[in-house]
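Encoded as structure tokens, the structure appears first; notes follow it.
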């Protein structure tokens, strides 16, 4: 063990051998925090602590298994009775032993997301709650939020302010009763009920708090309020808490993580010993200097300064491009350049803020026949919402496309079941008529399906016929796609189907519309068939060959914890990074800055930061501003260049002017002088619509606004159209033009 300690640097050694009591290790990116945590466990065992007296928390089962393996290697003990695992796994282990104290069955089942949805479907039916008006996924999300805030149904009811909230509270109460009847708990309960057990049963709390002489937590910056409370309860006897984390990498606030748990650690655990790990073993010096300068702009942080004994490295390349298409083309050039310098394709990783940004990057790499892999997400054209909408377009172009029909005839739900679909297809084959054309033969459908089912199918096929007429009349592909989205109320379906992922899925829909607009402009019109053919060719996987390595594409969130020789960060623009939804509060901007910090510190030797001068948003080009974070990186660390595309004459460049272009004051000035973009209006929460207003829609014509709900991305306008009746419109996807 002495030899092992000698291999640590002085800061690591001090943390590993810290005295008893609460210990906070602020571990910078690439500073060896995992090594410190596992070595701390081994050091404790060597100094008289038994394996069963150590409780170590991780956030994934994989991390838990790796920790067990590393500790076993260090101490030569492969079957030691460690308590090393996730918060949920530890909660389940404690609950199993004391379930009766909470009125739970000891053999309780653990319900996953699908189980929860099925149970909620039964609860909806028992309570006569309309699943069309109140979505099951929305109910599940609300219940999860209440549980993570430790709100019982009674407490939630006291806070409910609307009829919708009151209904979900009623569902929450019924859901909890149904869970108990099924002898089950859900994942939120594994932590919540464990906290309740330890808070209400002093003997149980004393049993476990007395048993665990040392409680250790990895990635402490990602803990939520309940997890912090659980750590406090389980360390209440001995007071030996050892946590490792990096407040500068706290990027999961949107899912409940509280950076305050780390910032206020000393208040929760008086007498804390604080250690900082600042020597970085990953990146060259110039990248660390940039990261340090960037993150220093956050006011709420513990503070540290990364340094390295490695080489200084090449300047960071900060590049402006005309648009996102040019940015994607530049990524291909970077890959080829790095390969010419001896890099493997697998050494290169391209990052972005949102999944929707991957479309243009995937398209450019495929056209260039560059093997690539989308990590942590399905490829753009394989995403559910994109496949749904493409199926609608394919069926519009070809009413005989039975595969597309089967995918979307009941998506969103139309009460058209599998039996009805089978009979529909059988009817079409029997009479040699394309299934999509059976709208003209309602007599055949009624005979084959029965009156009620036939009516539902005819309603769907009637919509299909209307879209086909639009396509035949030469309606532009973007307008046709917008009409389909509006007709099937797809945005509302996505929000209700899975509220927690709705924003990302809506961004993907918007990006598909961007692609349609780009096609329309490039093809000088272009038909629906041509658009679908282009996508089919772009999505062809034949360009990917095994065994040659692949460029990785991933979001910055996915990249956390990883490292790569070459990193290319795209979309370094205000409203993307920082994201528009997080730019209206100081806390939101600080979390976005931490996200950018994570992106920078993934790179070992080479870093490219790209941004576009304009980018499509909901079909139309809008000017983009460089990310304010680029102005926080010292000019002397960067090689900045503005690409000359021939569309304008760049002014003479000087070092000072180049740095000034990215300064916060310069960006603020350009923003003040520029017309507000749609994203700016979203952030400002301003609606241009009001009840009684006359508006015009490209497909539905003129109408009167009868209701305005929400704001920003959630703005929904209900319009009574003269020729098409009442429609619910999301202006971000289907523009409305005010007449007065």
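Numbering (this note's numbering), first residue to last: 3 to 742. Think of the CB as a built atom: it goes at the ideal place given N, C-alpha and C, for glycine as much as any other residue.
- Under DSSP, residue 577 forms a beta bridge with 581.
- Judged by beta-carbon spacing, residue 580 lies within the 8 Å limit of residue 591, meaning their Cβ atoms are closer than that value.
- When beta bridges are read from the DSSP output, residue 641 appears opposite 319.
- Judged by their CB atoms, residue 368 and residue 520 are not nearer to each other than the 8 Å cut-off.
- Considering only 57, 135, 178, the residue with the shortest C-alpha distance to residue 155 is 178.
- Residue 31 and residue 560 have their C-alpha atoms roughly 15 Å apart.
- Where residue 622 is concerned, there is no enclosing alpha helix (DSSP H), although the beta strand (DSSP E) around it starts and stops at 622-625.
- By the C-beta density criterion, residue 417 is exposed, having fewer than 16 other C-beta atoms within 10 angstroms.
- For residue 470, the three-state secondary structure derived from DSSP is helix.
- In this structure, residue 392 lies away from residue 438, with their beta-carbon atoms at least 8 Å apart.
- Burial check for residue 301: the Cβ neighbour count within 10 Å stays below 16, so the residue is exposed.
- Its chain contains 53, 54 as the residues whose beta carbon lies nearer than 7 Å to that of residue 83, once the 5 sequence neighbours on both sides are disregarded; these appear in chain order.
- The C-alpha of residue 289 is placed about 10 Å away from the C-alpha of residue 309.
- In the assembly as shown, residue 469 is a buried residue. Its beta-carbon has 16 or more other beta-carbons within 10 Å.
- The alpha-carbon of residue 435 is positioned some 53 Å away from that of residue 110.
- Per DSSP, reduced to three states, the secondary structure at residue 394 is helical.
- Taking residue 45 as the centre and dropping the five residues before and after it, the same chain places the C-beta of 3, 7, 18, 19 closer than 8 Å to its C-beta, in chain order.
- If you check the CB distance, residue 90 and residue 189 come in under 8 Å.
- By the beta-carbon neighbour count (other beta carbons within 10 angstroms, threshold 16), residue 442 is exposed.
- Taking the Cβ atoms as the reference, residue 349 lies roughly 7 Å from residue 566, within the contact range of under 8 Å.
- Per DSSP, reduced to three states, the secondary structure at residue 243 is strand.
- About 4 Å separates the Cβ atoms of residue 29 and residue 279, confirming a contact at the 8 Å cut-off.
- Given a length threshold of 4 residues, each whole run of the alpha helix (DSSP H) inside the segment 412-453 is given here in chain order: 420-432, 444-451.
- With contacts defined as CB atoms closer than 8 Å, residue 143 and residue 499 fail to qualify as a contacting pair.
- By alpha-carbon distance to residue 194, the top candidate from 241, 184, 145 is 145.
- When DSSP states are grouped into helix, strand and coil, residue 40 belongs to the helix group.
- Here residue 163 is exposed: its Cβ has fewer than 16 other Cβ atoms, across all protein chains shown, within 10 Å.
- Going by C-alpha positions, residue 351 is about 24 Å away from residue 68.
- A buried status is given to residue 254, since no fewer than 16 other beta-carbon atoms sit within 10 Å of its beta-carbon.
- A Cβ-Cβ distance of about 15 Å is found for the pair residue 303 and residue 224, leaving them out of contact under the 8 Å criterion.
- Annotation: the continuous beta strand (DSSP E) that includes residue 723 extends over 718-723.
- Residue pairing from DSSP places residue 613 in a beta bridge opposite 322.
- Annotated as distal: residue 299 and residue 596, with beta-carbon spacing of 8 Å or more.
- Separation of residue 615 and residue 235 (C-alpha to C-alpha, rounded to the nearest whole angstrom) is 52 Å.
- In this structure residue 12 is exposed. Its beta-carbon is surrounded by fewer than 16 other beta-carbon atoms within 10 angstroms.
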